[in-house]
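A.B. asks: Residue numbers (the numbering used here): 1284 to 1595.
Glycine included, each C-beta is placed from N, C-alpha and C at the ideal position.
Let me give you the structure first, and then I'll get to my questions.
In structure tokens form, the structure reads like this:
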């Protein structure tokens, strides 16, 4: 029964390590898919708590972080498989420490995503976005921000952050960076090619004249009038929920691997203690039996000698 139970625990920990290993490969695949999702990465350019302009959007760095985490989990899973095969205490302890460190880091990230997402940059600040629109839209050197805002306007069917009035005091209008006859960017207009994935790069207004008119009664059907802020906030919450779901799934797998390893180690220790106690009992009883046997033979010989002397 002991061997059967030990075999079952070994199979259980092997299965946990395989699932753990697969989760590492899955994370690396998710990171690669995120890296290939150009629109999602570009949209994340609009996120962030400050006025800093990093070289790449937030999700570009997040994709590499996910790939790196998946690689670490894969290495840890291989270490766990090695520990299962070798039954080496040092390797097993290293494996447990690695899982605990990964759990601590991932739990910290999940807590930040839920309670303080702005620490990770997963945040929409209206004042910052309005300021960025007025200072950076269509300005040379800010092409990525311009494309991100055009993408948001064509995807969500909106214009500006709080509305099309944000462009009235922008550098794009005041310094005539764009075409003079434009009141709002073309991406704010109702488009003929709205269903195309690259429509934000080459917008084709359905009615350019009505879209650019100042009379609200005339442009209300040719131009998007709602601001993008609400839709951006909703999109950001969806991305945070996806990140949280992935993180909790990985944590669940790691907890399973950790508990299975503890379970297997506890059974191994009990089995070792049982064997040690049996061996000690055998060693203790054996000398006593031999001495007792020798003592009995001595008494028997003496009694035999005494009897023989009396007869003589």
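Consult DSSP for residue 1358 and reduce its assignment to one of helix, strand or coil.
C.D. replies: In the structure shown, residue 1358 sits in a helix (DSSP, three-state: H, G or I).
A.B. asks: Quick one: what does DSSP say residue 1411 is sitting in, helix, strand or coil?
C.D. replies: helix
A.B. asks: Do you know how far the Cα of residue 1498 is from the Cα of residue 1531?
C.D. replies: 51 Å
A.B. asks: Whole angstroms are fine: how far does the CA of residue 1477 sit from the CA of residue 1464?
C.D. replies: 22 Å
A.B. asks: Taking the alpha carbon of residue 1344 as the reference point, which residue from 1315, 1365 and 1356 has its own alpha carbon closest?
C.D. replies: 1315
A.B. asks: In whole angstroms, what is the alpha-carbon distance linking residue 1428 and residue 1544?
C.D. replies: Computed Cα separation, rounded: 48 Å.
A.B. asks: If residue 1310 sits next to residue 1538, beta carbons under 8 Å apart, how far is it from one beta carbon to the other, in whole angstroms?
C.D. replies: Between residue 1538 and residue 1310 the Cβ distance is about 16 Å, and since that is not below 8 Å, they are no contact.
A.B. asks: From the DSSP output, in three-state form, read off residue 1393 for me.
C.D. replies: Of the three classes helix, strand and coil, the one that applies to residue 1393 here is helix, per DSSP.
A.B. asks: I need the DSSP call for residue 1423, collapsed to helix, strand or coil.
C.D. replies: coil
A.B. asks: Taking the DSSP output, what are the residues bridged to residue 1506?
C.D. replies: 1472
A.B. asks: Just the Cα atoms here: how many angstroms apart are residue 1308 and residue 1331?
C.D. replies: 29 Å
A.B. asks: Let me know if residue 1444 comes out buried or exposed under the rule of 16 or more other beta-carbons within 10 Å of its beta-carbon.
C.D. replies: buried
A.B. asks: Check whether the Cβ of residue 1517 lies closer than 7 Å to any heavy atom of the ligand COA, and answer yes or no.
C.D. replies: The ligand COA is not part of the structure shown, which contains no ligands of any sort.
A.B. asks: For the candidate residues 1439, 1385 and 1347, whose alpha-carbon lies nearest to that of residue 1303?
C.D. replies: Taking only the C-alpha atoms, the option nearest residue 1303 is 1385.
A.B. asks: Roughly how many whole angstroms lie between the Cα atoms of residue 1338 and residue 1424?
C.D. replies: So the two alpha carbons sit approximately 11 Å from each other.
A.B. asks: Taking C-beta to C-beta, are residue 1367 and residue 1300 nearer than 8 Å?
C.D. replies: yes
A.B. asks: Could you tell me whether the Cβ atoms of residue 1358 and residue 1378 are closer together than 8 Å?
C.D. replies: no
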